[in-house]
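Working notes, structure below.
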Amino acid sequence: MSAHSGFILANATLITMDGGRRVIDDGAVAVIGDSIAAVGKTADVLRQFPELQVHDYSRHIISPGLIDTHVHLSQAFFRGVGERNERSDNFHEWLYGLTLPMEGAMTPEDGAASASLCILEMLKSGTTSFIECMTSENHGFDGIAETCVNSGIRAALGKVVMDVPAAYRDKVGWPMSAWFDPDRTISDTLAAYKKWNGAANGRIQVWFGCRTADETANPDLYRNVAKIAKERGMRLTIHHSELESDNAYARRLGYRSHMEFGYDLGIVGPNAVLAHCTAADEEDIKILAKAGASVSTNAANNAVSAWGPTPVVNMLAEGVNVALGCDGTAGDANMDLLRDLRVVCHIARTHAKTRNCLRAETVLEMATIHGARALGIADQVGSLEVGKKADLITIDTDVPHLTPIWSPVATMVFAAQGADVDTVVIDGKIVVRNHEILTMDEEAIVADARLRMPEIARRAGVPAARPRWPVL
Ligand SMILES: [Zn+2]
Numbered sequence: 046m047s048a049h050s051g052f053i054l055a056n057a058t059l060i061t062m063d064g065g066r067r068v069i070d071d072g073a074v075a076v077i078g079d080s081i082a083a084v085g086k087t088a089d090v091l092r093q094f095p096e097l098q099v100h101d102y103s104r105h106i107i108s109p110g111l112i113d114t115h116v117h118l119s120q121a122f123f124r125g126v127g128e129r130n131e132r133s134d135n136f137h138e139w140l141y142g143l144t145l146p147m148e149g150a151m152t153p154e155d156g157a158a159s160a161s162l163c164i165l166e167m168l169k170s171g172t173t174s175f176i177e178c179m180t181s182e183n184h185g186f187d188g189i190a191e192t193c194v195n196s197g198i199r200a201a202l203g204k205v206v207m208d209v210p211a212a213y214r215d216k217v218g219w220p221m222s223a224w225f226d227p228d229r230t231i232s233d234t235l236a237a238y239k240k241w242n243g244a245a246n247g248r249i250q251v252w253f254g255c256r257t258a259d260e261t262a263n264p265d266l267y268r269n270v271a272k273i274a275k276e277r278g279m280r281l282t283i284h285h286s287e288l289e290s291d292n293a294y295a296r297r298l299g300y301r302s303h304m305e306f307g308y309d310l311g312i313v314g315p316n317a318v319l320a321h322c323t324a325a326d327e328e329d330i331k332i333l334a335k336a337g338a339s340v341s342t343n344a345a346n347n348a349v350s351a352w353g354p355t356p357v358v359n360m361l362a363e364g365v366n367v368a369l370g371c372d373g374t375a376g377d378a379n380m381d382l383l384r385d386l387r388v389v390c391h392i393a394r395t396h397a398k399t400r401n402c403l404r405a406e407t408v409l410e411m412a413t414i415h416g417a418r419a420l421g422i423a424d425q426v427g428s429l430e431v432g433k434k435a436d437l438i439t440i441d442t443d444v445p446h447l448t449p450i451w452s453p454v455a456t457m458v459f460a461a462q463g464a465d466v467d468t469v470v471i472d473g474k475i476v477v478r479n480h481e482i483l484t485m486d487e488e489a490i491v492a493d494a495r496l497r498m499p500e501i502a503r504r505a506g507v508p509a510a511r512p513r514w515p516v517l
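Numbering-wise (my numbering), the sequence shown opens with residue 46 and increments by one.
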């Protein structure tokens with residue numbers, strides 16, 4: 046099938062995620078240009094568009110593309126580095142001793158190469174849209190945006206805004222290679238917005254990528270960012286209410302909680318995606334609901350960092366838009382969002398001690414339509430509906446671990462993995478087919494990553510990655 050002409054994917058099981066949440070056996074999707082032209086029974090769609098090329102997707106599930114709402118493109122080369130931590134409960138040791146020095150040592154070429162590896166992994170495992178939480182100045186925003194454009198993925202690129210007070214930098218040994226002038230981070234974000242927002246047929250958005258409103262930040266900066274974002278209709282993302290230390294910090298400033306503090310700053314609002322929220326309590330959830338903010342829970346990464354669970358079930362019950370994210374591979378080590386579908390469910394049920402919570406259907410909503418709301422484009426993506434952008438994936442179920450199928454939703458949530466994704470369509474263009482990426486040079490990206498990783502570690506003064514056992 047050619048890249049941008051119309052085509053039909055036929056004879057599949059469709060999980061539409063439309064208003065009625067219809068699942069269609071022996072279904073087909075017709076794609077014309079960048080949009081979905083028909084969704085229905087195969088016979089009906091073929092009758093409606095007899096001139097289109099038809100491709101047989103029997104024994105495939107077709108679902109809306111997955112949406113990863115919290116990504117660190119810069120951490121693709123740090124896969125699994127968190128296990129190097131000698132006292133792995135110490136978040137600051139992980140951040141200031143390993144991750145930040147390496148991020149600071151990266152060049153724009155490294156930034157684009159890391160983004161390529163990360164996007165390659167996301168596309169091959171069914172992620173069609175993502176939110177990058179904070180692209181650093183030294184990683185080269187233009188190169189990363191170009192990588193997104195050329196790969197075919199849909200991206201909201203948060204550009205870092207930061208103001209780390211000098212006293213705090215001295216206290217923790219903040220690497221100056223990972224520090225940027227606060228005013229410049231704002232003006233550079235606005236320049237990037239002007240240059241890139243809406244590029245590639247609207248596939249690229251530019252957001253404010255706030256770090257976190259804790260003692261590492263001057264609160265005035267984020268109050269200002271919230272004001273500018275509101276005035277200009279821009280969106281922002283931030284790590285928020287992550288740890289009890291965030292709540293303690295907010296209490297020192299006279300607030301009941303970190304969430305209340307963020308609401309007062311203006312960063313907890315309808316244009317915001319808040320990552321983690323693992324330290325949010327019942328009162329905080331009410332603030333989130335009132336503010337209309339989205340939450341990105343990063344189940345596997347929060348679990349491996351021993352942060353405790355995001356109170357996902359209570360948030361959903363209060364009407365908060367909760368979506369999923371893989372976070373960076375410096376913590377948990379994969380960008381396979383299908384894996385996170387079941388992890389978020391495992392954690393919620395373990396915590397609630399009942400299986401009658403967070404059903405497979407709800408989890409799939411979080412990974413698709415909730416993600417689309419977090420991106421601010423639920424009218425364009427997140428479900429298979431006529432007139433929406435054609436962002437979809439197919440899962441090849443003709444394998445032992447996906448056989449037999451009682452419910453395609455349960456199969457997708459509890460049994461499928463990224464490697465089962467056969468075909469990925471974004472903006473009407475086929476990006477992955479028969480498990481192969483069509484828009485990127487996989488071999489070159491992987492080979493380059495192998496060479497680059499030890500170089501970055503050397504420049505950062507971080508010992509090369511090794512297990513704790515003797516290596517001969
Ligand atoms: Zn993060």
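Don't be surprised by glycine CBs; every beta carbon is placed ideally from N, CA and C.
All figures in this text were calculated on a predicted structure; none of them were measured in a lab.
Pairing A423 with I414 gives a Cβ-Cβ distance under 8 Å. Straight-line measurement puts the Cα of V365 at about 13 Å from the Cα of N316. Counting other Cβ atoms within 10 Å of its Cβ, P445 stays below 16 and is therefore classed as exposed. In the DSSP assignment, G203 falls within the beta strand (DSSP E) that extends over R199 to V206. Taking a contact as a CB-CB distance under 8 Å, the pair F225 and E182 counts as one, their CB atoms being some 5 Å apart. D79 is not a Cβ neighbour of A417, given a cutoff of 8 Å. Using a cutoff of 7 Å, the CB of G373 counts as near ligand 1, since one of the ligand's heavy atoms is closer than that. Beta-bridge analysis with DSSP links V477 to V469 and I482. Taking 8 Å as the cut-off, the beta carbon of M411 is found no closer than this to the beta carbon of L165. Here M221 carries a helix assignment [DSSP, helix/strand/coil].
In this chain, the alpha helix (DSSP H) harbouring N246 covers A244 to G247.
By the CB criterion at 8 Å, L162 and T180 fall outside the cutoff. Residue state for F253 is assigned as strand, using DSSP reduced to three classes.
Shortest Cα-Cα distance from L496 to any of G64, D155 and D89 involves D155. At least one heavy atom of ligand 1 lies less than 7 Å from the C-beta of C178.
Counting only the Cα atoms, V470 lies some 8 Å from T173.
In summary, K216 is exposed, with fewer than 16 beta-carbon neighbours lying within 10 Å of its beta-carbon over all protein chains present.
Of all alpha-carbon atoms in A293, Y300 and L310, the one lying nearest the alpha-carbon of K275 is that of L310. According to the DSSP assignment, G72 belongs to the beta strand (DSSP E) that extends over V68 to I77. Only residues of its own chain outside the window of five on either side were considered, and among them A345, N346 and V349 have a CB closer than 6 Å to the CB of D377, listed in chain order.
Within a 10 Å sphere around the beta-carbon of R387 sit 16 or more other beta-carbons, which makes this residue buried. Taking 8 Å as the cut-off, the Cβ atoms of A375 and A158 do not count as close. Counting C-beta atoms within 10 angstroms of its own C-beta, T448 has fewer than 16 neighbours from the protein chains shown and is therefore classed as exposed. R280 is the residue among G473, S341, G506 and R280 whose C-alpha sits nearest the C-alpha of V205.
Linking L517 to T439 through their CA atoms gives a straight-line distance of about 43 Å. Proximity to G65 across S428, M498, P453 and I450 peaks at S428, based on C-alpha coordinates.
When Y308, H321 and I312 are compared, the shortest CA-CA separation from E328 is found for Y308. The C-alpha of V194 is placed about 8 Å away from the C-alpha of A244.
In this structure, DSSP gives H117 a state outside helix and strand, which the three-state scheme calls coil.
Taking C-beta atoms as the reference points, V270 and I332 fail to come closer than 8 Å.
The way I'd put it, the region 55-69 does touch the region 100-111; three or more beta-carbon pairs between them come closer than 8 Å. Straight-line measurement puts the Cα of G473 at about 37 Å from the Cα of G149. For A393, the CB contacts under 8 Å within the same chain, skipping 5 residues up- and downstream, are P354, V357, V358, C402 and L403 in chain order. Spatial neighbours of Y141 in its own chain (CB-CB distance under 7 Å, excluding positions within 5 residues in sequence) are listed in chain order as V217, G218 and W219.
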